[in-house]
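Below is one structure, written out as structure tokens; comments come after it.
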Amino acid sequence: MIKGRLLAVRDLMLSFGDDSPVLNKISFDVGHGEIIGLVGESGSGKSVTSLSIMKLLPKKAKLSGSIKFDGYDLTPLNDKAMQSVRGKQISMIFQEPMSSLNPSHRCGHQVREAILIHQDVTKEEAKAKVLSLFEDVLLPDIERIYNSYPHELSGGQLQRVMISMAIANYPKLLIADEPTTALDVTVQKNIVDLLHSIRDKYGSSIIFISHDLGVVKSIADKVIVMQQGNIVESGEVSQVFDNPTHPYTKGLLACRPPLDHRLKRLPTVQDFLLKSEHEVNTYLKSLDYSFDKWSADYNKLSQHQTLLSVSKLNKWYPTKTSWLGKPSEYFKAVKDVSFEIKRGEILGLVGESGSGKTTCGRSLLRLVEPTSGEITFDGKNILTLPKEELRKLRKDFQIIFQDPYSSLNPRMKVGEAIMEPMTIHSLYGSKKQRKEKVIELLETVELKADYFDRYPHQFSGGQRQRICIARTLSMNPKFIVCDESVSALDVSVQAQILNLLLDLKDKFDLSYLFISHDISVIKFLCDNVMVMKDGEIVEKASSEEIYNNPKEHYTQRLIEAIYK
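Here it is as structure tokens:
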């Protein structure tokens with residue numbers, strides 16, 4: 019299928035102003051009909067490589083080298099000349115569809131516009147093409163989707179709309195920048211299958227950028243590994259994944275939570291870069307967590323006291339009202355959910371988007387007021403507590419949200435953000451003592467004391483999540499809800515955060531409700547797992563039992579969708 023070279027990148031260098039280069043003489047080829055996987059951590063240069071090909075760089079960018087596409091050199095082309103290339107010959111699927119689509123325009127109209135710009139067709143013909151594209155990407159109820167605004171669609175549906183827009187003019191090269199990040203495993207699999215079908219149907223070449231090595235292995239013909247603006251390894255997928263030669267590649271592969279065995283903690287990329295091969299092998303053996311040892315620890319956990327007990331929890335949202343204004347129909351987001359969490363336990367909650375996971379987690383903290391049920395925390399029914407008593411108790415149960423950037427006030431220094439809840443709850447005697455505690459917490463989550471006076475934008479995603487964890491710990495909580503708190507992080511950073519959560523659990527005797535759509539993470543971290551579908555718990559068992567012997571068809575489908 020792969021015939022000749024479509025894209026040839028040679029000695030590409032990119033810098034911004036006088037800074038050191040963010041791309042350092044990188045060279046690679048993409049063949050006709052070929053899928054290239056581009057992997058590496060945040061800051062490795064993956065996305066700026068794709069933006070360089072599209073010539074979507076700020077004015078201060080200095081680009082050198084050559085980018086030859088279908089025989090033509092794109093490097094000297096100005097923005098006006100590139101407009102005939104972008105969207106028609108080279109298209110891009112961006113990572114975040116919600117921010118890539120105009121919120122004030124209907125989805126169908128935005129895809130139609132992309133067709134009208136590059137094709138000589140009427141509006142009616144363009145609409146027919148859009149509806150046909152929506153069918154190609156397996157969107158349901160295409161007329162409704164066409165007339166919907168972005169906020170009215172799910173993440174998976176939005177990503178399919180973006181893919182429709184990207185393939186609307188049958189491009190020769192499709193660049194997919196993290197198109198499956200933070201999506202459910204089932205939606206993720208659908209998107210990957212869809213990209214394969216696009217390659218087969220239209221003959222498009224694809225550059226697939228991701229930090230999820232399992233997904234890259236399943237979709238790509240060849241893989242390029244980037245680190246700090248350099249290509250450190252490249253080759254056929256089977257060669258690179260089965261016999262990696264560079265320590266960085268070995269580290270990326272090793273820090274994914276394994277499915278075939280258990281580890282006490284995850285190795286990190288730094289372990290491979292800072293240790294000799296012999297030291298790495300010895301270290302990896304020390305991380306093994308035998309099933310017998312895990313079983314013994316799991317049985318001990320059953321003897322612990324119950325910290326949180328939930329009985330018949332419901333959360334309903336009115337969808338229709340009578341002429342008197344009283345609700346007549348409801349959307350039942352959480353239905354009769356019951357479970358317990360022991361002291362020191364990590365309970366996993368897994369399910370697809372819209373299953374009710376987040377609503378359930380927020381209901382426990384009364385961030386969302388439950389419709390009915392009982393929530394007993396440390397012997398107190400928090401649904402009947404007066405507001406003042408609930409406020410005092412609230413410091414004992416905390417939440418770590420999915421997006422650390424939107425969880426932090428961009429105008430507040432991180433030290434002040436961590437200190438703020440201490441001040442509200444009158445913890446510690448003075449501002450000086452609170453500042454000392456903040457510095458202690460920063461060091462606990464492996465950040466430096468002098469980060470106290472920096473702002474959130476000065477940190478990476480992984481560092482911001484550590485700051486959010488430090489703020490959560492400032493209350494000395496007993497229980498923490500982790501709501502998709504590692505889903506959008508690089509696999510290497512994810513390993514560091516998961517190890518940190520385990521260390522903090524042991525140090526502070528914490529219990530977690532860990533909400534995720536990633537079963538490999540759930541299996542590594544959690545003692546017990548609940549599977550949620552349409553607001554109900556459909557299965558609950560130990561993490562080993564759930565993965566190895568799932569009873570429900572829905573659970574089996576979630577596990578089958580994992581890229582191993």
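The working numbering applies: residue 19 is where the sequence shown begins, and numbers increase by one.
Heads up, the beta-carbon is just placed ideally off N, CA and C, and yes, glycines get one too.
Please read these numbers as outputs of a predicted model, since none were measured by experiment.
I'd like the list of long-range same chain contacts for residue i, defined as Cβ closer than 8 Å, with 5 residues on each side in sequence excluded.
i: Val40; result: Leu32, Ser33, Phe34, Gly63, Val66 and Gly247
i: Glu347; result: Pro336, Thr337 and Lys338
i: Leu171; result: Cys125, Ile163 and Val179
i: Gly174; result: Leu201, Asp202, Val205, Asn208, Ile209 and Ser371
i: Val386; result: Lys333, Thr377 and Arg380
Since residue i and residue j are thought to touch, with beta carbons under 8 Å apart, how far apart are those beta carbons, to the nearest angstrom?
i: Arg274; j: Leu231; result: 6 Å
i: Gly89; j: Gly49; result: Wrong, their Cβ atoms sit about 14 Å apart, outside the cutoff.
i: Ala513; j: Lys207; result: That belief does not hold up - the Cβ atoms of Ala513 and Lys207 are roughly 23 Å apart, past 8 Å.
i: Leu213; j: Leu176; result: Between Leu176 and Leu213 the Cβ distance is about 16 Å, and since that is not below 8 Å, they are no contact.
i: Val148; j: Val129; result: 5 Å
i: Pro428; j: Ile485; result: The Cβ separation is near 12 Å, so there is no contact.
i: Leu271; j: Phe259; result: 7 Å
i: Ile225; j: Ile54; result: 5 Å
Could you tell me which of the options sits nearest to residue i, measuring between CA atoms?
i: Lys80; options: His229, Lys330 and Pro94; result: Pro94
i: Met100; options: Leu75, Arg124 and Lys410; result: Leu75
i: Asn566; options: Ser538, Ile555, Met550 and Lys551; result: Ser538
i: Ile585; options: Tyr266, His127 and Pro276; result: Here the chain comprises residues numbered 19 to 582, so residue 585 is not present and cannot be evaluated.
i: Leu367; options: Asp501, Gly480 and Leu277; result: Asp501
i: Thr286; options: Val511, Gln323, Ser313 and Phe226; result: Val511
i: Leu319; options: Asp545, Ala132 and Leu271; result: Asp545
i: Lys219; options: Gln420, Lys190, Pro121 and Val234; result: Lys190
i: Lys410; options: Glu387, Pro439 and Val386; result: Pro439
i: Pro121; options: His169, Leu151, Ile135 and Ala132; result: His169
i: Leu383; options: Ile400, Lys77, Leu69 and Gly369; result: Ile400
i: Lys311; options: Arg280, Asn187, Lys558 and Phe290; result: Arg280
What first and last residue would you give for the alpha helix (DSSP H) that runs through residue i?
i: Arg412; result: Lys405 to Arg412
i: Glu170; result: That residue, Glu170, is in no alpha helix (DSSP H); it is neither H nor E in DSSP.
i: Cys486; result: Gly479 to Leu491
i: Ser381; result: Lys375 to Leu382
i: Tyr565; result: Ser561 to Asn566
i: Asp310; result: Phe309 to Leu319
i: Met437; result: Val432 to Ile442
i: Gly269; result: Pro265 to Ala272
Just curious, the beta strand (DSSP E) that residue i is in, first and last residue?
i: Leu191; result: Leu191 to Asp195
i: Pro345; result: Pro345 to Lys360
i: Lys240; result: Lys240 to Gln245
i: Cys125; result: Run containing Cys125: none in the beta strand (DSSP E); it sits in the alpha helix (DSSP H), Cys125 to His136.
i: Pro336; result: Thr324 to Thr339
i: Ile111; result: Ile108 to Ile111
i: Leu231; result: Where Leu231 is concerned, there is no enclosing beta strand (DSSP E), although the alpha helix (DSSP H) it sits in stretches over Leu231 to Ile237.
Looking only at its chain, what residues have a beta carbon closer than 7 Å to the beta carbon of residue i, apart from the 5 residues adjacent to it on each side?
i: Met19; result: Model confidence at Met19 stands at a pLDDT of 43, short of 50, so the residue's coordinates are unreliable; what they give is reported in the following sentence. The answer, listed in chain order, is Gly51.
i: Arg28; result: Ser45, Gly83 and Ser84
i: Met437; result: Arg452, Lys453 and Val456
i: Ile577; result: Ile537, Tyr565 and Pro568
i: Glu461; result: Ala467
i: Asp37; result: none
i: Ile181; result: Ile111, Val155 and Leu212
i: Val233; result: Thr198, Gln206, Val210 and Tyr581
i: Glu142; result: none
At a cut-off of 8 Å, would you count residue i as near the ligand COA, judging by its Cβ distance to the nearest heavy atom?
i: Leu75; result: Inclusion of the ligand COA in the displayed structure is not the case, the ligand content being empty and no account of it being possible.
Could you name the residues of the same chain whose beta carbon sits closer than 6 Å to that of residue i, not counting the 5 residues immediately before and after it, in chain order?
i: Leu426; result: Ala435 and Pro474
i: Ile359; result: Leu325, Leu326, Leu365 and Ser529
i: Leu92; result: Ile85
i: Ile242; result: Phe46, Leu56, Ile249 and Ser252
i: Ala26; result: Asp47 and Lys86
i: Pro345; result: Pro336 and Thr339
Taking three-plus beta-carbon pairs below 8 Å as touching, is the stretch 328-341 in contact with the stretch 303-315? no
Answer yes if the stretch 190-210 comes into contact with the stretch 102-116, meaning at least three C-beta pairs across the two stretches below 8 Å, and no otherwise. yes
Would the stretch 564-573 and the stretch 386-398 be scored as touching if the rule is three or more Cβ pairs under 8 Å? With a cut-off of 8 Å, the stretch 386-398 and the stretch 564-573 do not count as touching, because too few Cβ pairs lie within range.
For the 8 Å Cβ check, are there 3 or more pairs between the stretch 317-328 and the stretch 291-302? no
Are the stretch 505-521 and the stretch 548-564 touching by the rule of at least three beta carbon pairs closer than 8 Å? no
Is there contact here, the stretch 398-409 with the stretch 526-541, by at least three beta-carbon pairs under 8 Å? The stretch 398-409 vs the stretch 526-541: no contact.
Does the structure place the stretch 337-347 close enough to the stretch 461-470 that three or more beta carbon pairs sit under 8 Å? With a cut-off of 8 Å, the stretch 337-347 and the stretch 461-470 do not count as touching, because too few Cβ pairs lie within range.
Given 8 Å, three or more beta-carbon pairs between the stretch 374-386 and the stretch 340-355: yes
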